[in-house]
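Position in the sequence shown (from 1) plus 38 gives the number in our numbering.
Think of the CB as a built atom: it goes at the ideal place given N, C-alpha and C, for glycine as much as any other residue.
Here the structure is a predicted model, which is why all the values come from computation and not from measurement.
Notes for the one structure printed next.
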Amino acid sequence: MSVVGFDLGFQNCHVAIARGGGIETVANEFSDRCTPAVISFGSKNRTIGVAAKNQQITHADNTVYNFKRFHGRSFSDPFVQLARDSLSYNLVPMKNGGVGVKVMYMDEEHTFSVEQITAMLLSKLKETAENNLKKPVTDCVISVPSFFTDAERRSVLHATQIVGLNCLRLLNDMTAVALNYGIYKQDLPAPEEKPKIVVFVDMGHSAFQVSVCAFNKGRLKVIGSSFDPTLGGRNFDEKIVEYFCSEFKAKYGLDIRSRIRALLRLHQECEKLKKLMSSNSTDLPLNIECFMNDRDVSGKMNRSQFEELCADLLQIIEAPLRSVMEQAQIRVEDVNAVEIIGGATRIPSVKERISKFFGKDVSTTLIADEAVARGCALQCAILSPAFKVREFSVTDVVPFSISLKWTTEADEAEGVCEVFSKNHAAPFSKVLTFYRKGSFQLQAFYSDPSTLPYPEAKIGHFVVQNIAATKDGDKAKVKVKVCVNTHIIFTVSTASVVEPMELDASESPSVESDMDLQYMTHSDSVVHANNRQESNEAGAQSQTKTDGDQNSLPPEKTSEEDTMTNIEKGNDKKSDQPPEPKKAKIKVKNIELPVEANLVWQLEKDLLNMYIENEGKMIMQDKLEKDRNDAKNAVEEYVYDFRDKLSGPYGKFAGEKDLSRFSKLLTDTEEWLYEEGEDQAKEVYLNKLDELQKLGTPIEARYQEADERPQLLEKLSQKLQYYSNILEDYRNQSETYNHIDVLEMEKVEKCLSETINWMNNAVNAQSKQPLHNDPVVRTKEIKSKTKLLDDICNPIVTQPKPKIESPKEEEKMLNGDHCHHSEMESAEGPIKNPVKTSQHNGDCHPNENTTTMDADNF
């Protein structure tokens, strides 16, 4: 099972995986851990990431970027309309009212939804993870901004489904950072102690997010969050761009905003200048060659000028910081640490403002660009059964308060109830009780639209169906479970009608069905919205039985408990008293009800399936185009590589005729590549490569043979010398080899003679052969002869010498001073584990002439 975390940034993305007992941020095919969130469309394929960013200026109208904030929005959204003017590609409305991107792809006009565009980016990130893990990737955790609404979050989830990913959790950016920070801390206070308060500040390219978290050992709880979705690094870039647009217009008379490509180039250069000013306070130049109308432009800026230009941006940094402290109801003195991440926090003036507000130095212990991805990978590891992770619970918060509205059966009034307040713990679920005779509708919406960075306050409406009055004609009791799930998305998860049923005293009630109603998980609450009386229908009577932070709900007293209590009391009565009549027991039966959900942003199933199919086709087309380009590049590489070698080391291994023919073929192939061979099928390139290799491979083989042959012959010569020396020692009756049988040594002598003759003949024949002809003796033959020599000679010359008895043992055996217990060889072989003792018994008798000696005297 894969454990992967994806940080889907506005400008750049990062991929983190769990491997080798830790979390690792992996690199793409360009050895870069940062992948730009850019997709470029061409006539043959798509390019994504670094390659697409390189085409952003030259292929501006077909390169898509800065699309993250279009998720879950309609084309008429003011935010979308404002962003249209600054983009080089065309935004168009989709049939469902969403945002679409019109581009030229495969020489045809195509319109892709923002979910499809994000799915394309995810396919690249998925490929990067798979290349590093060497296995398929399915399960993952993906980050989203903490201020994303339900519609935006559902849109991101649709993108994951299109690319075939199973998103275990959409994790808020700041929660991921907090998890990455807290899980490695060993000095966190115990659960019963006062928590450690840490503020996390993230200023990325497009947004400013702040959260306050309370840490205890094994536990993280977000207690407050704030944000400014309009403040980010791109706002600082825009200030520099505006400055140079005005300067270049006055200095060179250039209207830069009239040319999108010139504007994109200026944006890139101003972003580089901003990063340089973070580490330098002196004047820094900005020079762009052939910028516009074939003119070079130049300018300069220093940090002081930059801070003056961005004074209004710096002033609004404190507002989210002050807001989050008020939400968390803590003082600045209560904050133990302030951690900053995000590219824009590297700006000295931004860092200074944050530090000044909290009255302490900010910490940069986390990797500013990779902290979110690492936190997502950690969350995925916690959710994965394949990894064992230290127990660490994560409690997030609901970013915006959520209310429910319903109508009475008489349609006389509406009931409204706030089910989740701002910063309410999440994930969390609550149970509402309604009394109805027929189907009814619940409308979910955000309570305070003024706090939303989104124009639509509605979340959706849910219809609870198949409700009928009871047998007595009364209203049925309906339990509706609403929740904010792990993705921080509101939904009506289940609905059921509760029917009490009387049983005979001999029957046992269904305890299981009672448990389903009476006991909730630690994150469940019960809310009663009783509309039994018509006079109360104007305002639903609702009350929360328990708080979500408690471990469990106290069970309500059921009819079963009443019966059990009566039985226990009856047992205490005297036996002479007549038994009380048995009371009927009550059984509670829950019947599931269908719930129809109509959400503000939800892709149709057929449309989603079509997107999945189209993405599969595009992935296949990308693969085919990659294979085609690889084949073309192989031909081009072969031409240039072989041409250089023919004029160098390979030249003398090709005859004049072959050399002339091959050189002409290389030249013709090169010209073909840049003319009619510019765009051919993969098979055509493979055929061209095969044609070149028919002439080139023999030349290359001769060179390799000539290069390796001397070394192999030298090795064989050394082996022959080695065995010849052993044979000479044997002839001289050396004690080292005199144990070897004569017939065996004759085999060695014969093999040596044959090998020496073969080698001499081969060397003589090869020396007469021209280099441009095929070799007489090949390296394969030399290796084979060397191996044969070793196989025959080595086992013979390395035979161990037989064991020789010591003279003392032989003398004892001659004198008869031995016994069958002595350490000696028997007919069955040597005796193992001999028993050595100084005493003799049985048939063994000590020699009468034996002298006793004390070892200490020697």
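Proximity of residue i and residue j at Cβ, strictly below 7 Å
i, j, result
"F185", "P358", "no"
"K720", "L827", "no"
"G271", "A382", "yes"
"T166", "V53", "yes"
"V502", "N628", "no"
"I155", "F105", "yes"
"D115", "I527", "no"
"A90", "I77", "yes"
"I737", "Y676", "no"
"A216", "L258", "yes"
"C348", "F274", "yes"
"Q520", "V457", "According to the sequence provided, residue 520 is Val. The question's Gln does not apply to it. Yes. Within cutoff."
"K140", "V130", "yes"
"H97", "V194", "no"
"S249", "A214", "no"
Status (buried if at least 16 other CB within 10 Å, exposed otherwise) for residue i
i, result
"N218", "buried"
"Y649", "buried"
"D225", "exposed"
"Y484", "buried"
"N169", "exposed"
"G586", "Residue confidence for G586 is low, a pLDDT of 36 falling below 50, so the modelled location carries little weight; the figure read from the coordinates is stated next. Classification of G586: buried, given that the 10 Å Cβ count is 16 or more."
"L404", "buried"
"H560", "With a pLDDT of 35 at H560, under the threshold of 50, the modelled position of this residue cannot be trusted, and the question is left open."
"L269", "buried"
"N589", "For N589, the pLDDT reaches just 31, beneath the cut-off of 50, and the residue's location in the model is therefore unreliable, although a value from the coordinates is still provided. N589 comes out exposed."
"E231", "exposed"
"N671", "exposed"
"V780", "exposed"
"A803", "exposed"
"N50", "buried"
"H243", "buried"
"G58", "exposed"
"H777", "exposed"
"Q417", "buried"
Selected residue, minimal CA-CA separation from residue i, among the options
i, options, result
"S431", "G220, V250, D115, A366", "G220"
"K515", "H499, F472, T529, T524", "F472"
"A913", "E792, S264, F691", "What the structure shows of the chain is the stretch from 39 to 896, and residue 913 is not part of that stretch, so it cannot be assessed."
"A157", "S387, F691, A415, L46", "L46"
"H525", "E146, D211, Q154, P423", "D211"
"E67", "Q659, P267, G87, D334", "G87"
"S439", "A411, S488, S685", "S488"
"I949", "A406, E773, E819, P386", "Only positions 39 to 896 of the chain appear in this structure, which leaves residue 949 out of reach."
"R360", "L351, V370, S319", "V370"
"L976", "P687, R681, Y712", "Since the first residue shown for the chain is 39 and the last is 896, residue 976 is missing from the structure and cannot be characterised."
"N331", "D350, F286, K133", "F286"
"S393", "A415, F238, E327, C283", "F238"
"K398", "R412, V236, R297, S249", "V236"
"L159", "P840, E653, N770, Q718", "E653"
"I820", "V786, P808, S791, R747", "R747"
"Q640", "S181, R192, D334", "R192"
Cross-strand partners of residue i (DSSP beta bridge)
i, result
"Y898", "One cannot answer for residue 898 here, as it falls past the ends of the chain, which runs 39 to 896."
"P116", "The partner list for P116 (beta bridge, DSSP) is empty, contrary to what the question assumes."
"M241", "F246"
"E630", "S534"
"I235", "A252"
"M339", "L322"
"R360", "None; R360 has no bridge partner."
"G43", "A54, V179"
"L160", "DSSP lists no partner for L160."
"E346", "In DSSP, E346 forms no bridge with anything."
"G136", "S112"
"G498", "A482, L637"
"T85", "S78"
Integer-rounded CB distance, given that residue j should sit under 8 Å from residue i
i, j, result
"R111", "V118", "6 Å"
"I278", "C308", "4 Å"
"P632", "N504", "6 Å"
"D177", "S422", "7 Å"
"N636", "H499", "5 Å"
Chain D contact for residue i (CB, 7 Å cutoff)
i, result
"E276", "The structure shown has no chain D; it contains just one protein chain."
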